[in-house]
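J.:
Protein chains in written order, with the numbering used here: chain A, 1 to 177; chain B, 1 to 355.
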């Protein structure tokens, strides 16, 4: 089993963080993983994306050309990445910030009010955690509990309040499915 | 089994360098290897070593020369344009028979190029790189795990042969995160013996001289012949390569580093379609694994060389196989990274109809 995932959005939306959490959680479940960010002239407010591969086999290429799963957090990324998704792939998108809708009919489209849910929990920036919660519940690639463990082990400088909030966001995302 | 850590390739290099007992780093920033000096500045301080951000790459390589001539394990890292600037120093170090480690996280060139992954510095790495007759031992890792493990191997080979060693990575290997197992106990630098050439203060002993020049007629020629014998010995003893599914292969892909990873996916796709495809991954680029290729050249009809450049290692493949076989090339220059699909299509074109 190999799942290739691209996460894309604005710099500052926690795109890289969510990719790392996902990769780290994959490692905790003893899977082969790679994480590869877009790098270089990135900045807050600019676009950011990363590729995550989670597999039972050794990972050949960390660059994902045709993802099985897309997590799209902002409007410009929708148009850019939609054509790359494999037929039959799953398209998660952040409905709160994205007004258009994917055009393809050969994919599963899941609209998630990621920012709205995050704001409800009291913090817009945990929209990425809502998405991850939805992802693992819908696809079964990893366990929700592993993601919770992963964020606690990776965000070493975060306050315990923040870590609990992250857990809540993961749970709320998973409760959508 | 040691615990696994999810690490950037660039950070894995740092941990590998420190675990190898190196306590001297000098370097100058450049993408896509900036995470090396950034993380090294923290970690080197923690282990009580020397970290210097120099005013230029030229300063860095010459500081390395000094530290290594004093008998210490010393390393620098840079990316392609920065490595070009270091070539004069590397030539001097090779001429003085001093071991150092230089890491090149290659980016697209020529010139300032771009910051994307590339393998376009193969010629530079495997033909010496600077002026004069010399070679540098060149290792090509293809995972974060090997980025952790190869610095120790590089220092050991460099010291064994008193020769500079290079690790050739690329932007993808440096920027990618993968699980890394700290697979060996760290070397305690205080247990490393002082080398015979070390300029460590001559009170109570004869003075030692480290230099790359001698103006006495015939002397340099004599030195270079001696070094030639060393190179011959290294070429004989230190070839390293990894072969996968080559035994029954009709076509063998030859690729290193990132290209080898991508090629392994293409080889898997080809096997699923019934094509007999293997992969030979050179681990030492110099010395080039000629023996493995020479052996395969007697059994295999086709070679497909995959590189992220316009075709550099393909010449070494032709030399090693003495052009007995049909040798194809697939290259992506200027920061392009091949996809498994495009390599598979190339395989299909070559083998189409034969299986």
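All residues carry an ideal CB built from backbone N, CA and C; glycine is no exception.
Bear in mind that the values here come from a model prediction, so they are computed numbers and not experimental data.
What does residue 33 (chain A) reach in chain B if we use C-beta pairs closer than 9 angstroms?
T.: Along the first chain, one-based indexing puts residue 33 (chain A) at 33. The answer, in chain order, is 6, 177, 178 and 179.
J.: Give the single residue among B:278, B:244 and B:211 whose Cα lies nearest to the Cα of residue 347 (chain B).
T.: Taking the second chain and counting its residues from 1, the one referred to as residue 347 (chain B) is at position 347. Residue B:278 is the option with its Cα nearest to residue 347 (chain B).
J.: Using the C-alpha atoms, what's the distance from residue 172 (chain B) back to residue 339 (chain B)?
T.: Position 339 of the second chain, counted from the start, is the residue given in the question as residue 339 (chain B). Position 172 of the second chain, counted from the start, is the residue given in the question as residue 172 (chain B). Straight-line Cα distance between these residues: approximately 13 angstroms.
J.: Run through the segment 75-100 of chain A for me and flag every whole alpha helix (DSSP H) of 4 or more residues, listed as ranges in chain order.
T.: 75-81
J.: To the nearest angstrom, report how far apart residue 376 (chain B) and residue 75 (chain B) are at their CA atoms.
T.: Absent from the model: residue 376 (chain B). The displayed extent of chain B is 1 to 355, so no value can be given.
J.: For the pair the segment 61-78 of chain A and the segment 3-18 of chain A, tell me if three or more CB-CB distances fall below 8 angstroms.
T.: yes
J.: Can we count residue 67 (chain B) as close to the ligand GDP, meaning its CB is less than 6 angstroms from some heavy atom?
T.: The ligand GDP is not among the ligands present in this structure, which contains no ligands whatsoever.
J.: Beta-carbon of residue 260 (chain B) versus every beta-carbon of chain A: anything under 7 angstroms?
T.: The sequence position of residue 260 (chain B) within the second chain is 260, counting from 1. Judged by the 7 angstroms Cβ criterion, residue 260 (chain B) is not in contact with chain A.
J.: Run through the segment 270-297 of chain B for me and flag every whole beta strand (DSSP E) of 3 or more residues, listed as ranges in chain order.
T.: 277-282 and 284-286
J.: Is it buried or exposed for residue 314 (chain B), if we count other Cβ within 10 angstroms and need 16 for buried?
T.: On the second chain, position 314 is the one that residue 314 (chain B) refers to. Result: buried.
J.: Going by beta-carbon coordinates alone, are residue 117 (chain B) and residue 306 (chain B) separated by less than 7 angstroms?
T.: Stepping through the second chain from its first residue, residue 117 (chain B) is reached at position 117. Stepping through the second chain from its first residue, residue 306 (chain B) is reached at position 306. No, they are not a contact pair.
J.: I'd like to know whether the C-beta atoms of residue 189 (chain B) and residue 331 (chain B) end up nearer to each other than 7 angstroms.
T.: The sequence position of residue 189 (chain B) within the second chain is 189, counting from 1. The sequence position of residue 331 (chain B) within the second chain is 331, counting from 1. Going by C-beta atoms, residue 189 (chain B) is not nearer than 7 angstroms to residue 331 (chain B).
J.: Helix, strand or coil: which one does DSSP assign to residue 242 (chain B)?
T.: As a position in the second chain, residue 242 (chain B) is number 242, starting the count at 1. In the structure shown, residue 242 (chain B) falls within a strand segment according to DSSP collapsed to helix, strand and coil.
J.: Taking the straight line between their C-alpha atoms, what separation do you get for residue 93 (chain A) and residue 64 (chain B)?
T.: Taking the first chain and counting its residues from 1, one reaches residue 93 (chain A) at position 93. Taking the second chain and counting its residues from 1, one reaches residue 64 (chain B) at position 64. When rounded, the distance between both Cα atoms is 50 angstroms.
J.: Within this structure, are the beta carbons of residue 100 (chain B) and residue 164 (chain B) separated by less than 7 angstroms?
T.: Translated into positions along the second chain, residue 100 (chain B) becomes position 100. Translated into positions along the second chain, residue 164 (chain B) becomes position 164. Yes, Cβ-Cβ distance for residue 100 (chain B) and residue 164 (chain B) is below 7 angstroms.
J.: In chain A, which residues lie with their C-beta within 7 angstroms of the C-beta of residue 190 (chain B)?
T.: Within the second chain, numbered from 1, the residue matching residue 190 (chain B) stands at position 190. Ordered by position in chain A, no residue passes the 7 angstroms Cβ test against residue 190 (chain B), which lies about 31 angstroms from the chain.
J.: Start and end of the alpha helix (DSSP H) containing residue 3 (chain A)?
T.: Locating residue 3 (chain A) in the first chain gives position 3, counting from the first residue. Not the alpha helix (DSSP H): residue 3 (chain A) falls in the beta strand (DSSP E), residues 2-10.
J.: Mind pulling the chain B residues with CB within less than 9 angstroms of residue 83 (chain A)?
T.: For this step, residue 83 (chain A) is matched to residue 83 along the first chain. What residue 83 (chain A) touches in chain B: nothing, since even the nearest Cβ is about 15 angstroms away.
J.: Which residue from A:58, A:131, A:90 and A:3 puts its Cα closest to that of residue 268 (chain B)?
T.: One-based indexing of the second chain puts residue 268 (chain B) at position 268. Nearest option by C-alpha distance: A:58.
J.: Inspect the CB distances between the segment 238-257 of chain B and the segment 296-311 of chain B and report whether three or more fall short of 8 angstroms.
T.: With a cut-off of 8 angstroms, the segment 296-311 of chain B and the segment 238-257 of chain B count as touching, because enough Cβ pairs lie within range.
J.: For the segment 145-165 of chain A against the segment 16-30 of chain A, are there 3 or more C-beta pairs whose distance is under 8 angstroms?
T.: yes
J.: Taking the straight line between their C-alpha atoms, what separation do you get for residue 109 (chain B) and residue 73 (chain A)?
T.: For the purposes of this step, residue 109 (chain B) is taken as residue 109 along the second chain, with counting starting at 1. For the purposes of this step, residue 73 (chain A) is taken as residue 73 along the first chain, with counting starting at 1. Spanning the two alpha carbons is a distance of roughly 33 angstroms.
J.: Would you check if there are 3 or more beta carbon pairs closer than 8 angstroms linking the segment 128-147 of chain B to the segment 38-55 of chain B?
T.: no
J.: Of all the CB atoms in chain B, is at least one closer than 7 angstroms to the CB of residue 178 (chain A)?
T.: The structure shown does not extend to residue 178 (chain A), since chain A spans only 1 to 177, so no value can be given for it.
J.: Determine whether the Cβ of residue 136 (chain B) lies closer than 7 angstroms to any Cβ atom of chain A.
T.: Position 136 of the second chain, counted from the start, is the residue given in the question as residue 136 (chain B). Closer than 7 angstroms: no.
J.: Spell out whether any CB of chain B is found under 7 angstroms from the CB atom of residue 27 (chain A).
T.: Working through the first chain from its first residue, we reach residue 27 (chain A) at position 27. Judged by the 7 angstroms Cβ criterion, residue 27 (chain A) is in contact with chain B.
J.: Let me know the secondary structure DSSP gives residue 72 (chain B) once reduced to three states.
T.: Within the second chain, numbered from 1, the residue matching residue 72 (chain B) stands at position 72. Residue 72 (chain B): coil per DSSP, three-state reduction.
J.: I'd like to know if the segment 177-187 of chain B and the segment 8-17 of chain B are in contact, where contact means that at least 3 CB-CB pairs between them fall below 8 angstroms.
T.: As far as the Cβ criterion goes, the segment 177-187 of chain B touches the segment 8-17 of chain B, which means the pair count is three or higher.
J.: Name, in chain order, the residues that DSSP records as bridge partners for residue 8 (chain B).
T.: The residue given as residue 8 (chain B) occupies position 8 in the second chain. Paired residue(s): B:177.
J.: Does the Cβ of residue 160 (chain A) have 16 or more other Cβ atoms within 10 Å, making it buried, or fewer, making it exposed?
T.: Along the first chain, read from residue 1 onward, the residue named residue 160 (chain A) stands at position 160. Label assigned to residue 160 (chain A): exposed.
J.: Helix, strand or coil for residue 258 (chain B)? Go by DSSP, reduced to three states.
T.: One-based indexing of the second chain puts residue 258 (chain B) at position 258. If DSSP states are grouped into helix, strand and coil, residue 258 (chain B) belongs with the helices.
J.: With a cut-off of 8 angstroms, do at least 3 Cβ pairs link the segment 80-87 of chain B to the segment 152-163 of chain B?
T.: The segment 80-87 of chain B, when compared against the segment 152-163 of chain B, does not touch it at the 8 angstroms Cβ threshold.
J.: Alpha carbon to alpha carbon, how far is residue 135 (chain B) from residue 169 (chain B)?
T.: For this step, residue 135 (chain B) is matched to residue 135 along the second chain. For this step, residue 169 (chain B) is matched to residue 169 along the second chain. Distance between the alpha carbons of residue 135 (chain B) and residue 169 (chain B): 18 angstroms.
J.: Have a look at A:112, A:70 and A:141 and flag the residue whose alpha-carbon is nearest the alpha-carbon of residue 169 (chain A).
T.: Taking the first residue of the first chain as position 1, residue 169 (chain A) is located at position 169. Looking at the Cα atoms, A:112 is the closest of the given residues.
J.: So what does DSSP say about residue 157 (chain A), is it helix, strand or coil?
T.: What you label residue 157 (chain A) is simply residue 157 of the first chain in a count that begins at 1. Note: residue 157 (chain A) maps to coil in three-state DSSP.
J.: Let me know the secondary structure DSSP gives residue 65 (chain B) once reduced to three states.
T.: Walking along the second chain from the start, residue 65 (chain B) turns up at place 65. Of the three classes helix, strand and coil, the one that applies to residue 65 (chain B) here is helix, per DSSP.
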